[in-house]
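Undergrad: Read in my numbering, the sequence shown has 130 at position 60, and its numbers run on one by one without any break. Don't be surprised by glycine CBs; every beta carbon is placed ideally from N, CA and C.
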Amino acid sequence: MRSNSTLTVRQATRDDAGPLITVLVEAFLNGPVADWLVPDLDERRNVYFRYFTHVLHHGLQHGRVDTTSDLSAVAIWYTRDEVPLRAPADHHHKVEEATGRYAPKFLLLDAIFETHHPQAPHDYLAYVAVDPCQQGQGVGSALLTTAHRTLDATNRPAYLEASNTRNRDLYLRLGYRQGAPIHLPTQGPLIWRMWRGQPTDGTPAPFPTDLLPRRRPR
Numbered sequence: 071m072r073s074n075s076t077l078t079v080r081q082a083t084r085d086d087a088g089p090l091i092t093v094l095v096e097a098f099l100n101g102p103v104a105d106w107l108v109p110d111l112d113e114r115r116n117v118y119f120r121y122f123t124h125v126l127h128h129g130l131q132h133g134r135v136d137t138t139s140d141l142s143a144v145a146i147w148y149t150r151d152e153v154p155l156r157a158p159a160d161h162h163h164k165v166e167e168a169t170g171r172y173a174p175k176f177l178l179l180d181a182i183f184e185t186h187h188p189q190a191p192h193d194y195l196a197y198v199a200v201d202p203c204q205q206g207q208g209v210g211s212a213l214l215t216t217a218h219r220t221l222d223a224t225n226r227p228a229y230l231e232a233s234n235t236r237n238r239d240l241y242l243r244l245g246y247r248q249g250a251p252i253h254l255p256t257q258g259p260l261i262w263r264m265w266r267g268q269p270t271d272g273t274p275a276p277f278p279t280d281l282l283p284r285r286r287p288r
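(1) In or out: Ser139 buried (at least 16 other Cβ within 10 Å) or exposed?
(2) Where Tyr118 and His127 are concerned, what is the direct C-alpha to C-alpha distance, given to the nearest angstrom?
(3) With DSSP as the reference, label Ala199 as helix, strand or coil.
(4) Counting only runs of 4+ residues fully inside the segment 141-191, write out the alpha helix (DSSP H) ranges in chain order.
(5) From this set, Ala232, Asp86, Gly206, Leu221, which residue's C-alpha is nearest Gly267's C-alpha?
(6) Nearest CA to the CA of Asn234: which residue from Ile252, Thr224, Ala223?
(7) Classify Gly206: buried if its beta carbon has 16 or more other beta carbons within 10 angstroms, exposed otherwise.
(8) State the Cα-Cα distance for the pair Leu260 and Leu254, rounded to the nearest angstrom.
(9) Report the option in Arg263, Thr78, Ala82, Gly88 whose CA atom is closest to the CA atom of Ile182.
(10) Cβ atoms of Val125 and Tyr197: under 9 Å apart, would you say?
(11) Taking the straight line between their C-alpha atoms, what separation do you get for Gly101 and Asp112?
(12) Between which two residues does the alpha helix (DSSP H) carrying Leu126 extend?
(13) Between the Cα of Val165 and those of Arg115, Leu130, Phe122, spot the shortest distance and give me the residue it belongs to.
(14) How many Å lie between Leu242 and Asp86 at the Cα?
(15) For Glu96, write down the residues that DSSP places opposite it in a beta bridge.
(16) When the distance is taken between beta carbons, is Val144 closer than 9 Å to Ala199?
(17) Thinking just about the alpha-carbon of each residue, which of Leu94, Tyr148, Arg80 is nearest to the one in Asp42?
(18) Could you check which residue in Arg80, Pro227, Leu107, Phe176 has the C-alpha nearest to that of His293?
(19) Which residue from Pro227, Arg114, His187 puts its Cα closest to that of Ala168?
(20) Quick one, which of Trp147, Thr92, Thr78 has its alpha-carbon nearest Tyr194's?
(21) Report the CB separation of Trp265 from Arg247 in whole angstroms; it is logged as a contact under 8 Å.
(22) May I ask which residues mark the beginning and end of the beta strand (DSSP E) holding Ala217?
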């Protein structure tokens, strides 16, 4: 457990699931990707609640979930040493159960992200969310800075996808380098791929060159 100013960051447990699912839903409820995934705003909250329930429990079981002492923020990380990462056999089924008639878009997004994933070993920040009432107060930066310290100690890179320019600019300030964006199909929004390394001279590491698509999304 580490402290950053008055904020304490720790690893989440299953007992934290309820509040953290709510943080994920509220943080991702509005935005260009949400509009693309579930255009019907009246349905979106229920779909997102079921989806992020699966996402959080999947992260607790297969990855690492960081949170703050007041449960106002959450980050879900995965170790990526094998490419492509093998999802659990029931992952697609659970996504389909959670998202119903919107499942094709959710599964397409997963496939597109996987197609464009770096091949170099790294830690993957799949989701980071801050309670909208706490956004703009440095909570997200503190949450990620704690993880970055651990990664930097072992010269471990990190990768994420940013879904809007505000988040992209935050990641740039935290030492990430922007790669070529992904343009989601059917008039979807842009997604920015972000890579953070730890070169010896202290400058941001160049974006990996091994990002040519390996297979088409199905």
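TA: On the basis of the coordinates in this document:
(1) Here residue 139 refers to the residue found at position 69 of the sequence shown. Exposed is the call here.
(2) By one-based count along the sequence shown, residue 118 stands at place 48. By one-based count along the sequence shown, residue 127 stands at place 57. Distance between the alpha carbons of Tyr118 and His127: 14 Å.
(3) Position 129 of the sequence shown, counted from the first residue, corresponds to residue 199. Here Ala199 sits in strand by DSSP.
(4) List check, alpha helix (DSSP H) in window: 161-169, 173-185.
(5) Counting from one through the sequence shown, the residue named residue 267 turns up at place 197. Among Ala232, Asp86, Gly206, Leu221, the Cα nearest to that of Gly267 is on Leu221.
(6) In the sequence shown, residue 234 corresponds to position 164, counting from 1. Among Ile252, Thr224, Ala223, the Cα nearest to that of Asn234 belongs to Ile252.
(7) Position 136 of the sequence shown holds residue 206. Flag for Gly206 reads exposed.
(8) Residue mapping note: residue 260 aligns to position 190 of the sequence shown, counting from 1. Residue mapping note: residue 254 aligns to position 184 of the sequence shown, counting from 1. Their Cα atoms are separated by approximately 6 Å.
(9) Here the question's residue 182 lines up with position 112 in the sequence shown. Ranking Arg263, Thr78, Ala82, Gly88 by Cα distance to Ile182 puts Arg263 first.
(10) Looking up residue 197 in the sequence shown gives position 127. Looking up residue 125 in the sequence shown gives position 55. In this structure, Val125 lies closer than 9 Å to Tyr197 by Cβ.
(11) As a first step, residue 101 is located in the sequence shown; it is residue number 31 there, counting from the start. As a first step, residue 112 is located in the sequence shown; it is residue number 42 there, counting from the start. Going from the Cα of Gly101 to the Cα of Asp112 covers about 15 Å.
(12) Stepping through the sequence shown from its first residue, residue 126 is reached at position 56. Where Leu126 is concerned, the enclosing alpha helix (DSSP H) stretches over 111-132.
(13) Residue numbering aside, residue 165 sits at position 95 when the sequence shown is read from its first letter. The residue with the shortest Cα to Cα distance from Val165 is Phe122.
(14) Reading the sequence shown from its first residue, position 172 is the one you call residue 242. Reading the sequence shown from its first residue, position 16 is the one you call residue 86. Those two C-alpha atoms are separated by around 30 Å.
(15) Numbered from 1 along the sequence shown, position 26 holds the residue referred to as residue 96. Answer is none; Glu96 lacks a bridge partner.
(16) Taking the sequence shown and counting its residues from 1, one reaches residue 199 at position 129. Taking the sequence shown and counting its residues from 1, one reaches residue 144 at position 74. Contact flag set, yes.
(17) This structure cannot settle anything about residue 42, because the visible part of the chain is limited to 71 through 288.
(18) One cannot answer for residue 293 here, as it falls past the ends of the chain, which runs 71 to 288.
(19) By 1-based counting over the sequence shown, the position of residue 168 is 98. A check of alpha carbon separations from Ala168 across Pro227, Arg114, His187 identifies Arg114 as the nearest.
(20) Here residue 194 is taken as the residue at index 124 of the sequence shown, counted from 1. Just measuring C-alpha positions, the residue of Trp147, Thr92, Thr78 sitting nearest Tyr194 is Trp147.
(21) Counting from one through the sequence shown, the residue named residue 265 turns up at place 195. Counting from one through the sequence shown, the residue named residue 247 turns up at place 177. Contact between Trp265 and Arg247 holds: CB atoms are separated by about 5 Å, below the 8 Å threshold.
(22) By 1-based counting over the sequence shown, the position of residue 217 is 147. It is not in any beta strand (DSSP E) - Ala217 instead sits in the alpha helix (DSSP H) that spans 209-223.
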